[in-house]
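The numbers in my numbering rise by one with no breaks, and the one at position 113 of the sequence shown is 1610. Step one of this worksheet: look at the structure below.
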Amino acid sequence: MTGGTDDRPEALLEEARRVHGSAYAPYSNFRVAAALEAEDGRVFSGVNVENASSPVGVCAERVALGTAVSSGARSFSRLALVTSGDRPATPCGMCRQALAEFGTELEVWSEATDGSVGRWILSDLLPEVFRRNDEGSRA
Ligand code: THU
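In structure tokens:
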């Protein structure tokens, strides 16, 4: 975790709390809600959606990101997560890579069941983001 949590984004966390009950997690019982704030102030939320065929399931962060990108948002300032975990959970590796596509200065906030909150910067969570650098180099 990095920095203090005095400046916690209460409204963004509240939006994640609001949708947390909609998480579809009958297999893991680990419910995750994400609220992603765009630079223009719009907020896009998502929950994890599990599946009987487990790899088909999708994380809350990528549901929120997909909705945001579908609405034209391309840059983001803060992400709030609310999970069923007993400690603040960070985005999984796949979600880190997905979010980093749009910038690595994203503030990540996460709230656990006991109300404890963690804060990270995406660049610390994923210091070496994969980027294609082969554009146009092959026919
Ligand atoms: N999950 C998320 O929604 N976001 C993450 O960053 C990590 C994990 C979900 C996937 C699965 O539905 C459940 O949490 C347990 O792994």
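Using N, Cα and C, we set each Cβ at its ideal position, and we do this for glycine too.
For the alpha helix (DSSP H) holding residue i, just list the boundary residues, first then last.
{"i": "GLY1543", "result": "Looking at the DSSP string, GLY1543 is not in any alpha helix (DSSP H); the run it does join, the beta strand (DSSP E), is 1540 to 1544."}
{"i": "THR1601", "result": "It is not in any alpha helix (DSSP H) - THR1601 carries neither H nor E in the DSSP assignment."}
{"i": "VAL1676", "result": "Nothing about residue 1676 can be read from this structure; the chain reaches only from 1498 to 1636."}
{"i": "ALA1508", "result": "1507 to 1517"}
{"i": "LEU1596", "result": "1590 to 1597"}
{"i": "SER1620", "result": "1619 to 1622"}
Within 10 angstroms of its Cβ, does residue i collect 16 or more other Cβ (buried), or is it exposed?
{"i": "PRO1624", "result": "exposed"}
{"i": "PHE1541", "result": "buried"}
{"i": "PHE1573", "result": "buried"}
{"i": "ARG1593", "result": "buried"}
{"i": "SER1607", "result": "buried"}
{"i": "CYS1556", "result": "buried"}
{"i": "ALA1513", "result": "buried"}
{"i": "GLU1536", "result": "exposed"}
{"i": "ALA1549", "result": "exposed"}
How close, in whole Å, do the beta carbons of residue i and residue j come, if the pair is a contact with beta carbons under 8 Å?
{"i": "LEU1533", "j": "LEU1576", "result": "5 Å"}
{"i": "GLU1558", "j": "ALA1531", "result": "5 Å"}
{"i": "VAL1546", "j": "TYR1521", "result": "5 Å"}
{"i": "ALA1570", "j": "ARG1539", "result": "6 Å"}
{"i": "VAL1469", "j": "VAL1560", "result": "Any question about residue 1469 goes unanswered here, given that the chain covers just 1498 to 1636."}
Hey, quick one: how far does the beta strand (DSSP E) through residue i stretch, first residue to last?
{"i": "THR1580", "result": "1573 to 1580"}
{"i": "ASN1522", "result": "Residue 1522 is actually Ala in this sequence, not Asn. ALA1522 -> no beta strand (DSSP E), and no H or E assigned at all."}
{"i": "VAL1529", "result": "1529 to 1535"}
May I have all residues whose beta carbon comes closer than 6 Å to any heavy atom of the ligand THU, sorted in chain order?
ALA1522, SER1525, PHE1527, VAL1529, ASN1545, GLU1547, GLY1554, CYS1556, ALA1557, GLU1558, PRO1588, CYS1589 and CYS1592
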